[in-house]
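Chains as they are written, first to last, in my numbering: chain A, 1 to 100; chain B, 1001 to 1170.
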C-alpha cells in the first residue's frame, strides 16, 4: 500500500518542476507546457486526497480542471499564434509592448 | 510490494520526463516528453482507483491538448527560438533557488498533513461494486449539474475566443 504522503510528495515535485520551467524558459509554448505540468500536479493531489478520504468530489473537481485546462490551452495557443503573426517571435522577453 | 515497485517506476519516469520537458531545446521533444509524463500520471490515477480520470487524462491531455500544441509548434517557424534558457545567469540562479524553496515548503506541508476530514460515502469497495465511471456520471448529473452546465458555456466561450483570435485580421 503506497501512502498518501508519497503521492503528495510526487505532486509537490512535479509542481516545483513546473514552476522552475516557467521561470527559466523564455519560449511561450514551453511556458504553456510548464503550466500544464503544474495543473497536472494539482490534479494528482486532488485525486490522492479523494482516494484516501473515500470521496468522489476530488475526481469531479479534476474533471472540471481538465475542461478548464483544455479551454485555456485552446485560447492561449490562439493568442500565441496571433502574437507570432505580428511580432515574428514568441520569446516572452521580446513581447514587452505592455511592460512599462 | 508490486504496488510500491509500480509506483516508484511511474514516479521516477514522470519526474525525469518533467525535468526533460523544461530543459529540452527543441519544443517538439518537450511536447513528446510531456506526453510520456501524462501517460505516467494516468498510471498513477489507475493506482488510485480513478479509472475514469485516467482515461480522460489520456484522451483529453495526451490526445487533444498535446495535438494542439504540436500543431502550433509546427505552424510557427521557431528556428530563431532554439536558444531558450534565460539569458541572465542571475535569474536562472534565482529561479532554481525559488523552485527548491517552494518544493521544501510544499513538501513540509504535505509531509505533516493529517487526514482529519470526515470520510466520504464512497469507500473503494462500494465504488468498485458500482463502477467508477457510473459513480462519477451520477454525481455529475445530480449534485454537480450546475457546474457541469457552466463548463459547457465555458467551452463555447473558448471556441469562439480561439476562432476570433486565430482569424487573420483584415
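Where a beta carbon is used, it is the ideal one built from N, C-alpha and C, also for glycine.
- Query: DSSP on residue 1049(B), reduced to helix/strand/coil?
  - Reply: coil
- Environment of residue 1142(B) [buried if 16+ CB atoms lie within 10 Å]: exposed
- Query: Listing by chain order, which chain B residues have their CB less than 8 angstroms from the CB of residue 70(A)?
  - Reply: 1060, 1064, 1065, 1155 and 1158
- Message: Using the three-state DSSP reduction, which class does residue 1025(B) fall into: helix, strand or coil?
- Response: coil
- Item | CA nearest to the CA of residue 21(A), picked from 69(A), 8(A), 36(A) and 10(A) | 36(A)
- CB contact check: residue 3(A) to chain B, cutoff 7 angstroms: no
- Query: Mind checking if residue 75(A) is an interface residue toward chain B, Cβ cutoff 7 angstroms exclusive?
  - Reply: yes
- Does any C-beta atom of chain A lie closer than 7 angstroms to the C-beta of residue 1049(B)? yes
- Message: Please identify, using Cβ separations under 8 angstroms, the residues of the segment 31-43 of chain A that lie next to chain B, in order along the chain.
- Response: 32, 33, 34, 36, 37, 40 and 43
- Measure from the alpha carbon of residue 1055(B) to the alpha carbon of each residue in 1136(B), 1150(B), 1167(B) and 1151(B), then state which is nearest. 1136(B)
- Query: Do you know offhand how far residue 1025(B)'s Cα is from residue 30(A)'s?
  - Reply: 10 angstroms
- Task: Assign residue 54(A) to one of three DSSP states: helix, strand, or coil.
- Result: coil
- Item | Interface flag, residue 1004(B) vs chain A, CB-CB below 7 angstroms | yes
- Query: Quick one: is residue 92(A) near chain B, going by C-beta distance under 7 angstroms?
  - Reply: no
- Task: Answer with yes or no whether the minimum CB distance from residue 121(A) to chain B is below 7 angstroms.
- Result: Chain A is shown only over 1 to 100; residue 121(A) falls outside these bounds and no answer can be derived.
- Anything in chain A within Cβ reach of residue 1142(B), meaning under 9 angstroms, just list it in chain order. Ordered by position in chain A, no residue passes the 9 angstroms Cβ test against residue 1142(B), which lies about 11 angstroms from the chain.
- Query: At a CB-CB cut-off below 7 angstroms, which residues of chain A make contact with residue 1107(B)?
  - Reply: 9 and 12
- Environment of residue 102(A) [buried if 16+ CB atoms lie within 10 Å]: The displayed coordinates of chain A run from 1 to 100. Any statement about residue 102(A) would go beyond what the structure contains.
- Item | Three-state class that DSSP yields for residue 26(A) in the structure shown | coil
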